[in-house]
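First residue of the sequence shown: 134, per the working numbering; consecutive thereafter. Cβ atoms here follow ideal geometry from the backbone N, Cα and C, with glycine treated the same way.
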Amino acid sequence: MDLQEVRAKIDVIDDEIARLYAQRMELAVDVAENKAKEGLQVENYEREKQIISRVTADMPDTMKLYCKQVFETMFETSKAYQYGIVDGSSPVKDEIREALNGGLKPFPVQASVACQGVAGAYSCIAAEKLFPISSISCFRSWDAVFSAVEKGFCEFGVLPVENSTVGSVIGVYDLMRKHRFHIVKSIKLRIKHYLLAPQGVKIEDIREIVSHDQAISQCGEFLAGLGDVKITRCDNTAVAAKTVAESGRKDIACISSKECADIYGLQTLKSGVNDSNFNYTRFIAISKKMKVYEGANRISITVNLEHEAGSLNRLLNKFSALGLNLTKLESRPIPESPFEFTFYFDFEADVRSTAVQNLLAGIALKAENFAFLGAYEEL
């Protein structure tokens, strides 16, 4: 047969597959309605395994895995269809619905907020944009910010999670495994770094520059052009400014925010020293209790997946089947489990949707460790 003849035969088969698929999806509605009556979950992995074993039993070994992938994709679309019908109970759904009880409230304009660093830190700037009337408490570490919220010292905390130039803030992601918290809002803040120094210092006098590791990474080209200058890393860009201001030296400078120049009495030697003008950092606002505010259109979760081929693909298919846009995927190793990983997902979705709630319940049911980090709006 020539190519056109082969394609004609494939078209006939495809049409028959489509017709049978539609019939199968109609029966999936009956399955969902029965599950709803009996209070059963949409997910039934044993049933899926039985089907795959049956349909691949007489196939050549060269086709078995391909057939398995086809059926797993079909299962995901079927379950996505059922998610809108079955409305059973699960711990994660109950927690979400409790947070949604009474409707979505406006995001607060006034709050007590924990940030890492000292006055003038970018986290503090982000906090002031999120909460126009804020009482900010500064802590030395990100771990301390999580703890301050977890222990109720501050109602909210603000933490950096991602930079458009150098990527994820890995230290914060690693701490997410340690603490219990919920994301309530996020904001993308444009970061413009300044070279600051004590009054009277000239750029040619500088022998040492102090800043946070992220800022140093974002200003690599500028720093390389300075030649033989010592680069010293510290906890925070605002801490760097404070250190320089209190040093009493005339050969030291820092990379920090414009606000720090005013706060610590420093002069600006050069503005916009970051390598890219498109330099944004994403910050999250966290709270101890789950709270969902007006405008919430994004969801974050973490999940540990089975250490086996296809486990991530199966999870991604769940989002695709519901037409959900995945905006962030981050993986971090689990220290106590070599070669296994925790995955962090951000995706666009309305947490009030029954289908979305059922999806989350299904993931939680299957996963070894699942955490719903929050539903929130990003500014």
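Extent of the continuous beta strand (DSSP E) run through residue i
i, result
"Val291", "289-296"
"Pro331", "Premise fails: Pro331 is in no beta strand (DSSP E) and is neither H nor E."
"Ile527", "Outside the shown range of the chain (134 to 512) lies residue 527, about which nothing can therefore be said."
"Lys262", "Careful: Lys262 lies outside any beta strand (DSSP E), inside the alpha helix (DSSP H) at 255-263."
"Gly507", "503-511"
"Ala418", "413-420"
"Ile342", "341-345"
"Lys321", "315-323"
"Ser464", "458-467"
Distance CB(residue i)-CB(residue j) smaller than 8 Å
i, j, result
"Asp346", "Arg465", "no"
"Ile388", "Ser344", "yes"
"Lys197", "Thr206", "no"
"Leu237", "Glu473", "no"
"Val299", "Cys352", "no"
"Ile349", "Leu356", "yes"
"Lys182", "Leu263", "no"
"Gly290", "Ile419", "yes"
"Lys403", "Ile336", "yes"
"Ala508", "Ile432", "yes"
"Thr370", "Tyr255", "yes"
"Ile434", "Ala504", "yes"
"Gly253", "Glu392", "yes"
"Tyr216", "Leu455", "yes"
"Ser274", "Gln249", "yes"
Other residues of its chain near residue i: CB distance less than 7 Å, five sequence neighbours each side excluded
i, result
"Glu341", "Val362, Lys363, Thr365, Asp384, Ile385"
"Lys422", "His315"
"Asn430", "Glu481, Asp483, Glu510"
CA-to-CA distance, residue j to residue i, given in whole angstroms
i, j, result
"Leu459", "Asp479", "6 Å"
"Lys424", "Phe279", "16 Å"
"Ala151", "Ala494", "29 Å"
"Phe476", "Tyr199", "26 Å"
"Glu441", "Arg447", "11 Å"
"Glu166", "Ile218", "7 Å"
"Gly398", "Val372", "14 Å"
"Leu438", "Ala247", "32 Å"
"Arg323", "Ile467", "32 Å"
"Phe411", "Leu329", "21 Å"
"Tyr178", "Leu492", "14 Å"
"Gly221", "Val162", "15 Å"
"Pro224", "Arg187", "33 Å"
"Ile339", "Tyr327", "14 Å"
"Glu469", "Ala169", "39 Å"
"Leu457", "Thr210", "13 Å"
"Val203", "Asp194", "15 Å"
"Val175", "Met192", "28 Å"
"Val282", "Leu506", "14 Å"
Residue i classed as buried or exposed, judged by whether at least 16 other C-beta atoms fall within 10 angstroms
i, result
"Ile303", "exposed"
"Arg313", "exposed"
"Pro331", "buried"
"Lys451", "buried"
"Gln137", "exposed"
"Lys212", "buried"
"Arg415", "buried"
"Glu159", "exposed"
"Val139", "exposed"
"Lys226", "buried"
"Thr92", "Beyond the ends of the chain as shown, which are 134 and 512, falls residue 92; an answer cannot be given."
8 Å Cβ shell around residue i - same chain, five flanking residues per side excluded
i, result
"Ser301", "Val294, Glu295, Glu463"
"Ser409", "Ser297, Thr298, Gln351"
"Lys311", "Asp276, Phe279"
"Ala378", "Pro331, Tyr397, Gly398, Leu399"
"Ala500", "Val436, Asn437, Leu438"
First through last residue of the alpha helix (DSSP H) which encompasses residue i
i, result
"Leu308", "303-309"
"Pro224", "224-233"
"Leu153", "136-171"
"Glu179", "178-189"
"Glu92", "In the structure as shown, the chain starts at 134 and stops at 512, and residue 92 therefore has no counterpart that could be examined."
"Arg447", "444-454"
"Cys200", "194-216"
"Ser433", "From DSSP, Ser433 is part of no alpha helix (DSSP H) but of the beta strand (DSSP E) over 431-437."
"Phe472", "That residue, Phe472, is in no alpha helix (DSSP H); its beta strand (DSSP E) goes 470-481."
"Val246", "Looking at the DSSP string, Val246 is not in any alpha helix (DSSP H); the run it does join, the beta strand (DSSP E), is 243-249."
6 Å CB neighbourhood of residue i in its chain, flanking five on each side removed
i, result
"Ile266", "Val242, Gln243"
"Val334", "Lys383"
"Ser245", "Ser268, Cys287, Glu288"
"Leu512", "Ile320"
Interface flag, residue i vs chain C, CB-CB below 8 Å
i, result
"Ala371", "Note that chain C does not occur in the displayed structure, where there is just one protein chain."
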